[in-house]
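If you're matching positions, the sequence shown starts at 335 in the working numbering and goes up one per residue. Idealized CB from N, CA, C, for every residue including glycine. Quantities reported herein were computed from a predicted structural model and do not represent experimental measurements.
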Amino acid sequence: MTINNDFKDIVFGRKSIKIYDENVKISNEEILKMIDEAATAPSSFNFQPWRFVVVNTPEGKEKLKPMVNFNLRQNETSAAMLVIFGDKKCQNYGEEIYQEAVDKGYMSQDVKDKILPGFVELYDKLSDELMTNVVKVDASLFAMQFMLIARAYGYDTNAIGGFNHSEIAETLNMDKERYVPVMIISIGKAAAEARETVRLAAEKITKFI
Numbered sequence: 335m336t337i338n339n340d341f342k343d344i345v346f347g348r349k350s351i352k353i354y355d356e357n358v359k360i361s362n363e364e365i366l367k368m369i370d371e372a373a374t375a376p377s378s379f380n381f382q383p384w385r386f387v388v389v390n391t392p393e394g395k396e397k398l399k400p401m402v403n404f405n406l407r408q409n410e411t412s413a414a415m416l417v418i419f420g421d422k423k424c425q426n427y428g429e430e431i432y433q434e435a436v437d438k439g440y441m442s443q444d445v446k447d448k449i450l451p452g453f454v455e456l457y458d459k460l461s462d463e464l465m466t467n468v469v470k471v472d473a474s475l476f477a478m479q480f481m482l483i484a485r486a487y488g489y490d491t492n493a494i495g496g497f498n499h500s501e502i503a504e505t506l507n508m509d510k511e512r513y514v515p516v517m518i519i520s521i522g523k524a525a526a527e528a529r530e531t532v533r534l535a536a537e538k539i540t541k542f543i
């Protein structure tokens, strides 16, 4: 089986960019469109726990600056910094999500009424540690998909894990008890080429049983 060349260009052409063209701006409408498309990523029970703060104004960048001491170049030069949080109360949206699925004919009302209460109850009973792990996994799936979507739109990205996890929620006016910081993705157009990196061969990291 061969991989479509356009797909290869998107996936294998994606690199982690540190310095962006400061003249490139991305409209809020286009960012929302990319988020909508990336939000087709899988999530547990389809509860979609990803939440975002888009930092794309000089004032916002200045507020974010103390949170990203080791990634200042991305903050200063990117078109936007997408701060991704995981919502530990994402099950609260279950009714809205599942009812829309019913309204669109994706599932029957009987199925929704049968399965949704059990899913919500399960999440309600999870420990804070387990819930944090669940939303981080789901939000990370979104993050990777967003970077590929951005590449398809002609933009470059960098996934950032080095930031002040303990203070970023409050800094961005998010409830730190509810929203778990997961990742920041800088987005724009590269002003400097990223250096090439090495990956371990599949044979070295894979086991078949």
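Inset, instruction - Can you say whether Leu398 is buried or exposed, counting buried as having 16 or more other CB atoms within 10 angstroms of its CB? - result: buried
Legend entry - Per-residue burial, Gly452 [other beta carbons within 10 Å of its own, 16 or more giving buried]: exposed
Legend entry - Segment limits, alpha helix (DSSP H) that includes Val468: 462–486
Legend entry - Secondary structure of Ser377, DSSP reduced to three states: coil
Inset, instruction - Rank Ile539, Tyr440, Gly488 by C-alpha distance to the C-alpha of Glu364 and give the top, closest one. - result: Gly488
Legend entry - Outcome for Asn492 when other beta-carbon atoms lying within 10 angstroms are tallied against a minimum of 16: buried
Inset, instruction - Kindly identify the DSSP beta-bridge partner or partners of Gly522. - result: Asp490
Inset, instruction - Can you tell me which of the three DSSP states Ile418 falls into? - result: strand
Legend entry - Where Met368 falls: helix, strand or coil (DSSP): helix
Legend entry - Cβ-based neighbour list, Gly496, same chain, cut-off 7 Å, excluding 5 preceding and 5 following: Phe404, Asn405
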